[in-house]
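Engineer: Note that the sequence shown covers residues 1 to 64 in the UniProt record's numbering.
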Amino acid sequence: MQVDNNMSPTSMMVAIQTDVIKKSEDTVKNIVGDILEKNFENTMKIEQQVAAATGTGANLNIKA
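Spelled out as structure tokens, the structure:
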């Protein structure tokens, strides 16, 4: 965020709000990324259990 002494209060407020929005978007992206990563890890574990039980993997072609 770039703020200087010559900015009007409205411009400063907009700059601060823009910065907060960008940081919020980054936080949401990180959270969604973490959720997707955990979901993938859980799917892999399930696929491995299926592979162990059946001798072959389903979607990921994992073999026991």
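Beta carbons: idealized from backbone N, C-alpha and C, even for Gly.
How big is the Cα-Cα spacing for A53 and I46?
Structural biologist: Each residue's Cα considered, the two are about 10 angstroms apart.
Engineer: If we ignore side chains and look at the alpha-carbon of each, how far apart do G55 and M44 end up?
Structural biologist: One C-alpha to the other measures close to 15 angstroms.
Engineer: Measuring from the CB of Q49, is there a heavy atom of the ligand HEM at a distance below 6 angstroms?
Structural biologist: Questions concerning the ligand HEM fall outside what the structure shown contains, since it holds no ligand whatsoever.
Engineer: Where do the N-terminal and C-terminal ends of the alpha helix (DSSP H) with N39 fall, by residue?
Structural biologist: P9 to T54 is the extent of the alpha helix (DSSP H) around N39.
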